[in-house]
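Trainee: One structure, pasted below without further comment.
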Amino acid sequence: MGEEDEDSLIVNLPIIDLLAPDRVSTAATLRQACIEVGFFYIVNHGVDKDLLGRLFEESKKFFDLPVEEKMKLDRKEIRGYTPLYSEKLDTSLNTKGDSKESFYIGPLHDELCNLNQWPSEELLPNWRATMEAYHKQILNAGKSLLSLLAPALNLNENFFENVGALDQPMPVLRLLHYPEGDNNCNNDEVLGASAHSDYGMITLLVTDGVPGLQVCREKDRQPRIWEDVPHVEGAIIVNIGDITERWTNCLFRSTLHRVVPKGRERFSAALFLDPPHNFSVECLETCCSESNPPRFPPIRYNDYLKERYRVTYGA
Ligand SMILES: O=C(O)CCC(=O)C(=O)O
Ligand SMILES: [Fe+2]
Numbered sequence: 015m016g017e018e019d020e021d022s023l024i025v026n027l028p029i030i031d032l033l034a035p036d037r038v039s040t041a042a043t044l045r046q047a048c049i050e051v052g053f054f055y056i057v058n059h060g061v062d063k064d065l066l067g068r069l070f071e072e073s074k075k076f077f078d079l080p081v082e083e084k085m086k087l088d089r090k091e092i093r094g095y096t097p098l099y100s101e102k103l104d105t106s107l108n109t110k111g112d113s114k115e116s117f118y119i120g121p122l123h124d125e126l127c128n129l130n131q132w133p134s135e136e137l138l139p140n141w142r143a144t145m146e147a148y149h150k151q152i153l154n155a156g157k158s159l160l161s162l163l164a165p166a167l168n169l170n171e172n173f174f175e176n177v178g179a180l181d182q183p184m185p186v187l188r189l190l191h192y193p194e195g196d197n198n199c200n201n202d203e204v205l206g207a208s209a210h211s212d213y214g215m216i217t218l219l220v221t222d223g224v225p226g227l228q229v230c231r232e233k234d235r236q237p238r239i240w241e242d243v244p245h246v247e248g249a250i251i252v253n254i255g256d257i258t259e260r261w262t263n264c265l266f267r268s269t270l271h272r273v274v275p276k277g278r279e280r281f282s283a284a285l286f287l288d289p290p291h292n293f294s295v296e297c298l299e300t301c302c303s304e305s306n307p308p309r310f311p312p313i314r315y316n317d318y319l320k321e322r323y324r325v326t327y328g329a
């Protein structure tokens, strides 16, 4: 799949058309992508192009604010601002932290929605409306993808809805800003986002087109081989998260990825789509058998998530 391009490798990921009339063959392509690499693109996802432009404009306006202003919305309950270097996704590294800042926006319509924090309307009048509109559209794209992911697992199209995985889903939108420069420090290289896999069900990622995202398809092989994920205009990048890997008994892969500095400022926005917090994640029937028994016991999603955040943020 990877091919040489001077000194870097480029991964060739399939494009999944959410509106393709032949759902059976689309689900088969999706299944293969999830088994082989855990990353793919989606098109015909229903996210408005102009809204995407506004998302990045407003995101930039927030990150351009003075740090004191941003710190007024410091992250609480996984909502709000995280400053530069406050996170280190690869905890084995000897660096001061990842060179990125971010802003988390939690679900808009659940009993916790009042925990979301917003910049003041005087400072950024269109900010909240833009983020809410994007949040809704990208969540719909995620739901529509899940209705293809279910048949890709030999399950009924409505499986995720029927088991309650979408009752109170936990879509968390994370705006990301990687400043330019800042390449090296004494020890390991400072990365925009160090090597990690995502925790949840699926992640839907849009970027401003600036390169930097890379995947490592064989995490246990040394030295690690990193391949660039190219920008495809109009497409959304999707990756399988750890809880889906666990849910599918490791049939679908949650692939290691990272963001490396390419000497340019970069913006992206990731929607982490998770099941409800009290949802019990238990090996899917179509992913185990007598000869391939479940590798993990059932786990309440919230217990799993808390542990992952504790390790990443050290709190
Ligand atoms: O910014 C990117 O391209 C990737 C971000 C990412 O992997 C994450 O936030 O989990
Ligand atoms: Fe990620």
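So the sequence shown is numbered by our numbering: it starts at 15 and just counts up by one.
For every residue, glycine included, the Cβ atom is placed at its ideal position computed from N, Cα and C.
Pair every Cβ in the segment 183 to 192 with every Cβ in the segment 284 to 297, then say whether three or more of these pairs are closer than 8 Å.
Mentor: yes
Trainee: Enumerate in chain order the residues of its own chain whose CB-to-CB distance from ARG89 is below 7 Å, with the five nearest sequence positions on each side excluded.
Mentor: TYR95, THR96, TYR118
Trainee: Buried or exposed, going by whether 16 or more other CB atoms sit within 10 Å of the CB of ASP36?
Mentor: exposed
Trainee: Quick one: does the C-beta of ASP112 sit closer than 7 Å to a heavy atom of ligand 2?
Mentor: Outside the cutoff, so no.
Trainee: Is the Cβ-Cβ distance between ASP112 and GLY206 less than 8 Å?
Mentor: Yes, they are a contact pair.
Trainee: Would you identify the three-state DSSP class for TYR213, choosing helix, strand or coil?
Mentor: coil
Trainee: Beta-carbon of VAL220 versus every beta-carbon of chain B: anything under 8 Å?
Mentor: As a matter of chain content, chain B is missing from the structure shown, which is built from one protein chain.
Trainee: Report the three-state DSSP secondary structure of ALA45 (helix, strand or coil).
Mentor: At residue 45 the sequence reads Arg, which differs from the Ala that was named. Residue state, collapsed to three classes: helix.
Trainee: When DSSP builds the beta bridges, which residues end up paired with GLU115?
Mentor: HIS191
Trainee: For SER208, which three-state DSSP category applies?
Mentor: strand
Trainee: Enumerate in chain order the residues of its own chain whose CB-to-CB distance from PRO290 is below 6 Å, with the five nearest sequence positions on each side excluded.
Mentor: ASP181, GLN182
Trainee: Between ASN263, PRO165, PHE54, which has its C-alpha nearest LEU218's C-alpha?
Mentor: PHE54
Trainee: Reducing DSSP to helix, strand and coil, say where GLY94 ends up.
Mentor: strand
Trainee: Look up ALA283 in the DSSP assignment and say whether it is helix, strand or coil.
Mentor: strand
Trainee: Collect the residues with a C-beta less than 6 Å away from any heavy atom of ligand 1 and give them in sequence order along the chain.
Mentor: The set of residues whose C-beta lies within less than 6 Å of a heavy atom of ligand 1 reads, in chain order, ARG188, LEU190, ALA207, ASP212, LEU219, THR221, LEU227, HIS271, VAL273, SER282, ALA284.
Trainee: Spatial neighbours of THR144 within its chain, please: C-beta separation below 7 Å, excluding the five flanking residues on both sides.
Mentor: ARG68, LEU69, GLU72
Trainee: Keeping to the same chain, check which residues put their C-beta closer than 8 Å to that of ASN176; ignore five residues upstream and five downstream.
Mentor: Within the same chain, ASN176 has close Cβ partners ASN170.
Trainee: Suppose you measure from the CA of TRP240 to the CA of TRP141; what does that come to, to the nearest Å?
Mentor: Approximately 35 Å between the Cα atoms of the pair.
Trainee: Does the segment 215 to 235 touch the segment 254 to 271, meaning 3 or more C-beta pairs lie closer than 8 Å?
Mentor: Using a Cβ-Cβ distance cut-off of 8 Å, the segment 254 to 271 and the segment 215 to 235 are in contact, since at least three pairs of beta carbons, one from each stretch, lie closer than that value.
Trainee: Judging by CA-CA distance, which residue of PRO28, VAL51, ILE251 is the nearest neighbour of GLY156?
Mentor: ILE251
Trainee: Using only the heavy atoms of ligand 2, determine whether one of them is closer than 7 Å to the beta carbon of THR262.
Mentor: no
Trainee: May I ask you to check if the CB of THR96 is nearer than 7 Å to at least one heavy atom of ligand 2?
Mentor: Checking every heavy atom of ligand 2 against the Cβ of THR96, none is found closer than 7 Å.
Trainee: Could you name the residues of the same chain whose beta carbon sits closer than 8 Å to that of VAL116, not counting the 5 residues immediately before and after it, in chain order?
Mentor: It is Ser, not Val, that sits at residue 116 in the sequence shown. Closer than 8 Å at the Cβ level, and outside the excluded window around SER116, lie TYR95, THR96, GLU101, ARG188, LEU189, LEU190, HIS191.
Trainee: In the DSSP output, which residue or residues are listed as bridge partners for CYS230?
Mentor: BP columns for CYS230 point to LEU270.
Trainee: Terminal residues of the continuous beta strand (DSSP E) containing PHE54?
Mentor: 53 to 57
Trainee: Buried or exposed: VAL51, going by 16 or more other Cβ atoms within 10 Å of its Cβ?
Mentor: When all chains shown are included, VAL51 counts as buried.
Trainee: Based on DSSP bridge pairs, tell me the residues matched to GLU299.
Mentor: Partner(s): none; GLU299 has no beta bridge.
Trainee: When the distance is taken between beta carbons, is LYS75 closer than 8 Å to LEU138?
Mentor: yes
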